[in-house]
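S.K.: In the order they appear, the protein sequences are chains S and U. Going by my numbering, the first sequence opens with residue 7, and the numbers climb by one from there. Going by my numbering, the second sequence opens with residue 7, and the numbers climb by one from there. Even for Gly, the Cβ is constructed at its ideal location relative to N, Cα and C. Treat the numbers as computed from the prediction; the structure is a model and nothing was measured.
There are 2 protein chains.
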Amino acid sequence: MRLYPDLGLKVFQAPSIGVALEALKEGFRKGELTIIIGRLSVDYHGRARSKLGFGERVVILKPDGALLVHRPHGHSPVNWQPPGSIFDFKRLGEKIVINAGRSNPLEKVTLTFDRIDLLVSSRLRDDAEFSLYVDEHDIRDALVSEPELFEEGFHVVTKEKRVPSGFVDLIGVDREGRFTVIEIKKGLAGRDSVIQLKRYIDGLKGEGGAAVRGVILASGLARGCQGLLESLGLEFKRVDPRRCYEALMKRRGGGLQLELSRWFISS
Amino acid sequence: MRLYPDLGLKVFQAPSIGVALEALKEGFRKGELTIIIGRLSVDYHGRARSKLGFGERVVILKPDGALLVHRPHGHSPVNWQPPGSIFDFKRLGEKIVINAGRSNPLEKVTLTFDRIDLLVSSRLRDDAEFSLYVDEHDIRDALVSEPELFEEGFHVVTKEKRVPSGFVDLIGVDREGRFTVIEIKKGLAGRDSVIQLKRYIDGLKGEGGAAVRGVILASGLARGCQGLLESLGLEFKRVDPRRCYEALMKRRGGGLQLELSRWFISS
DNA sequence: TGCTAAATCTCGAAC
DNA sequence: GTTCGAGGTTTAGCA
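Quick look at the structure:
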């Protein structure tokens with residue numbers, strides 16, 4: 007065992023069962039994040055059931071009650087528990103067992119280690135803010151601040167309006183005074199988007215009696231949807247996320263470098 | 007630096023930039039999984055854009071080209087790259103920069119470390135098979151092997167039949183000889199399931215001329231869908247995942263202990 | 001707490 | 001490779 011008080015980082019190599027158990031309990035009690043490399047099996051009971059035999063994996067226990075079991079391949083953890091789970095550490099013969107569960111929904115994952123190669127525990131300080139931009143929400147906001155991105159003479163009346171079957175992204179009036187419902191998709195709009203828009207319009211027609219114009223606003227329309235769109239009397243318009251991004255940045259005052267050209271690995 | 011050849015586990019504590027770079031390159035070259043605990047910032051350009059300032063996090067690099075950046079809280083990584091990504095490690099002044107990207111879709115994530123507290127690299131052996139049971143697939147299989155779980159006198163004709171708008175889960179003939187289309191949902195069936203089933207039936211009606219019976223088979227029907235269901239002339243039947251699970255286990259010959267009662271943390 | 005819609009969704013299978 | 005459907009989806013935003 008090695009202790010590095012400067013970094014608050016505790017590293018245990020091939021710890022005994024007693025040492026590992028103590029480190030697990032103390033690390034969680036102190037609000038630390040713990041990483042285990044070892045050989046374990048996993049069982050899950052809850053929303054479904056799963057079983058995974060013994061193998062060498064990485065386990066992360068977070069201070070907020072999240073647990074992750076990662077195999078040496080793949081993006082997603084093979085088993086996990088969401089934040090808010092309750093941990094329980096115990097010895098079972100020559101093995102270490104970690105239970106993590108919650109009551110709603112009722113579920114529990116059980117890790118059984120027959121070997122722990124490395125156990126690391128550390129308090130992590132991370133207050134940085136994460137910002138992600140140019141999503142559907144941003145496109146809508148860009149249109150609110152610059153309606154001409156949609157169409158000249160267009161005016162936004164309301165956004166995120168609740169209708170019986172969901173939420174309409176944007177409602178406005180076009181230059182000819184027509185009531186216009188806009189359904190926004192960031193990527194390709196598919197059959198489901200078309201049907202969704204149709205339902206929205208039907209719901210609104212129920213309220214007033216006037217005709218309503220329906221427009222899908224997306225970066226593209228999936229193949230085979232054109233016919234459905236036309237048969238329902240709807241329109242499609244292409245949205246340029248780049249221009250929306252620029253509009254947003256202009257509004258937010260931030261600078262913008264697109265540099266789309268020399269993105270890729272320039273190593 | 008400590009080398010444990012028995013376990014194939016390399017542990018570097020507060021390594022110099024040169025040592026860290028060398029370890030990263032050699033670890034990936036040898037097909038090892040690498041974990042880094044340190045202080046870093048993250049930038050992502052691609053399907054969206056994101057920015058995350060400096061903070062203490064856990065980074066996992068997998069031999070299949072997956073990369074994960076985990077903050078001390080939450081289930082999901084704050085940034086990542088999927089398997090198949092290309093890694094690039096380099097020095098930039100007193101910092102270490104890791105780029106991970108791919109060309110389709112064109113995207114890249116950049117990690118900039120101003121401190122590395124711990125770097126661990128190890129080859130992980132994990133050949134175990136992961137099995138997850140009682141999903142939609144299993145319910146369908148349970149019905150194929152025990153059609154009376156659906157209805158007495160029911161006969162399965164085909165499963166996973168392709169129709170213009172997707173795949174029908176099950177098609178069969180009921181005791182009165184009616185052509186029956188079954189849409190299976192593991193949990194609550196919602197409005198979308200009802201609409202999907204209607205589309206399937208419409209597609210099948212196009213083929214033959216006979217009337218088709220449509221049934222939603224799920225553990226429940228979402229509130230407000232009953233009306234839609236009836237107006238479309240469809241039915242809802244409750245499925246018991248537990249009985250399906252038992253049917254599957256019977257068929258697979260395995261034993262079964264449900265022990266639903268004393269699941270929860272019995273610590 | 002529960003529901004609805006989005007996601008850099010991921011993952012796997014079929015075409 | 002692309003597309004489509006499912007997921008222990010997870011996550012964020014509101015009623």
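(1) Excluding the 5 residues preceding and the 5 following U:Q19 in the sequence, name in chain order all residues of the same chain whose CB lies nearer than 7 Å to its CB.
(2) What are the residues in the region 126 to 147 of chain S lying within 9 Å of chain U by C-beta distance?
(3) Ordered along the chain, which non-local residues of its own chain (more than five positions away) have a Cβ less than 6 Å from that of U:G24?
(4) Distance check for U:G226 and S:R63, CA to CA, integer angstroms please.
(5) Which chain S residues sit within Cβ distance under 7 Å of U:V84?
(6) Using only the alpha-carbon positions, how far apart do U:S82 and U:H76 sit?
(7) If U:I104 and U:F93 are in contact, beta carbons under 8 Å, what's the gap, nearest whole angstrom?
(8) CB-CB under 8 Å to U:D70, same chain, minus the five flanking residues each way: which ones, in chain order?
(9) For the beta strand (DSSP E) containing S:S237, name the first residue and the last one.
(10) DSSP beta-bridge partners for S:G172?
(11) Does S:R258 have its Cβ less than 9 Å from a Cβ in chain U?
(12) Roughly how far, in whole angstroms, is the beta-carbon of U:R181 from the beta-carbon of U:E152, given that I think they are within contact range, below 8 Å?
(13) On the DSSP bridge list, what partners appear for S:R121?
(14) For S:Q87, which residues of its own chain have a beta-carbon under 6 Å away from its beta-carbon, when the five flanking residues on both sides are left out?
(15) So, with DSSP's three-state summary, where would you put U:F156?
(16) Can you tell which of S:D175, S:G183 and S:R249 has the C-alpha that lies nearest to the C-alpha of S:I222?
(17) Helix, strand or coil for S:H76? Go by DSSP, reduced to three states.
(18) When DSSP builds the beta bridges, which residues end up paired with U:S128?
(19) Just how far apart, CA to CA, sit U:R219 and U:S199?
(20) Roughly how many angstroms separate the alpha carbons of U:F34 and S:G52, rounded to a whole number?
(21) Strictly below 7 Å CB to CB, what residues from chain S border U:I274?
(22) Determine, using beta carbons only, whether S:G196 and S:A228 come nearer to each other than 9 Å.
(23) Where does U:P111 land, buried or exposed, given buried means 16+ other C-beta within 10 angstroms?
(24) With 9 Å as the threshold, decide whether the Cβ of U:S237 is near any Cβ in chain S.
(25) How is the beta strand (DSSP E) around S:V182 delimited, first residue to last?
(26) Examine chain S for any beta-carbon lying closer than 9 Å to the beta-carbon of U:K68, and answer yes or no.
(27) Among U:F173, U:R121 and U:S128, which one has its Cα closest to the Cα of U:H143?
(28) Measure the beta-carbon distance from S:L359 to S:L240 and round it to whole angstroms, keeping in mind my assumption that it falls under 8 Å.
(29) With the cut-off set at 9 Å, would you say S:L210 and S:V169 are in Cβ contact?
(30) Please report the straight-line C-alpha distance between S:R55 and S:E113, rounded to a whole angstrom.
(31) Below 8 Å CB to CB, which residues in the same chain sit around S:V187 once its five sequence neighbours on both sides are set aside?
(32) Using a beta-carbon distance below 9 Å, is U:D246 in contact with chain S?
(33) By the three-class DSSP mapping on this structure, what secondary structure does S:D94 have?
(34) What does S:V298 pair with, by DSSP beta-bridge criteria?
(35) How long is the line joining the alpha carbons of U:E236 and U:I201, rounded to whole angstroms?
(36) Please confirm whether S:D197 has its beta-carbon closer than 9 Å to some beta-carbon of chain U.
M.R.: Straight from the coordinates:
(1) Correct list, in chain order: L124.
(2) Residues V126, S128, R129, L130, R131, D132, D133, A134, E135, F136, S137, L138, Y139, V140 and D141.
(3) There are no such residues.
(4) Roughly 37 Å separates the two Cα atoms.
(5) What U:V84 touches in chain S: F136.
(6) In a straight line, the C-alpha of U:S82 is about 7 Å away from that of U:H76.
(7) Between U:I104 and U:F93 the beta-carbon gap is near 7 Å, inside 8 Å, which marks them as a contact.
(8) Only residues of its own chain outside the window of five on either side were considered, and among them P89 and G90 have a CB closer than 8 Å to the CB of U:D70, listed in chain order.
(9) For S:S237, no beta strand (DSSP E) run applies; the uninterrupted alpha helix (DSSP H) run containing it begins and ends at Q232 to S237, by DSSP.
(10) Its beta-bridge partners are S:V169.
(11) Low local confidence applies: a pLDDT of 49 at S:R258 is under 50, so the model's placement there is unreliable, and no value is given.
(12) Their Cβ separation, rounded to whole angstroms, is 15 Å, which puts U:R181 and U:E152 out of contact at 8 Å.
(13) In the DSSP secondary-structure assignment, S:R121 is bridged to S:R45.
(14) Same-chain partners within the cutoff: L73, A106 and V115.
(15) DSSP places U:F156 in coil when its eight states are reduced to three.
(16) Closest in C-alpha terms to S:I222, from the list S:D175, S:G183 and S:R249, comes S:D175.
(17) Looking at S:H76 - three-state DSSP - the assignment turns out to be strand.
(18) Paired residue(s): U:L15 and U:L39.
(19) Using only the alpha carbons, I get a separation of about 15 Å.
(20) Taking the straight line from one Cα to the other gives about 36 Å.
(21) Absent from the structure is residue 274 of chain U, since the part of chain U shown begins at 7 and ends at 273.
(22) The answer is yes: Cβ separation under 9 Å.
(23) With fewer than 16 Cβ atoms within 10 Å of its Cβ, U:P111 is classed as exposed.
(24) So, not an interface residue.
(25) Position check: residue 182 of chain S holds Glu in this sequence, whereas Val was assumed. Premise fails: S:E182 is in no beta strand (DSSP E) and is neither H nor E.
(26) U:K68 counts as touching chain S.
(27) The option with the nearest alpha carbon to U:H143 is U:F173.
(28) The first residue shown for chain S is 7 and the last is 273, placing residue 359 of chain S beyond what the model contains.
(29) Yes, these two residues count as a Cβ contact at 9 Å.
(30) Distance from the CA atom of S:R55 to the CA atom of S:E113, rounded to whole angstroms, is 9 Å.
(31) Within the same chain, S:V187 has close Cβ partners V174, L176, I177, L203, Y206, I207, L210, V218, R219, G220 and V221.
(32) For U:D246, the nearest beta carbon of chain S is not closer than 9 Å to its own beta carbon.
(33) Assigned with DSSP and collapsed to three states, S:D94 falls in strand.
(34) Because chain S in this structure spans residues 7 to 273, residue 298 of chain S falls outside the shown range and cannot be described.
(35) Distance between the alpha carbons of U:E236 and U:I201 is about 12 Å.
(36) This sequence places Arg at residue 197 of chain S; Asp is not what is there. Yes, S:R197 lies at the interface with chain U (some Cβ there is under 9 Å from its Cβ).
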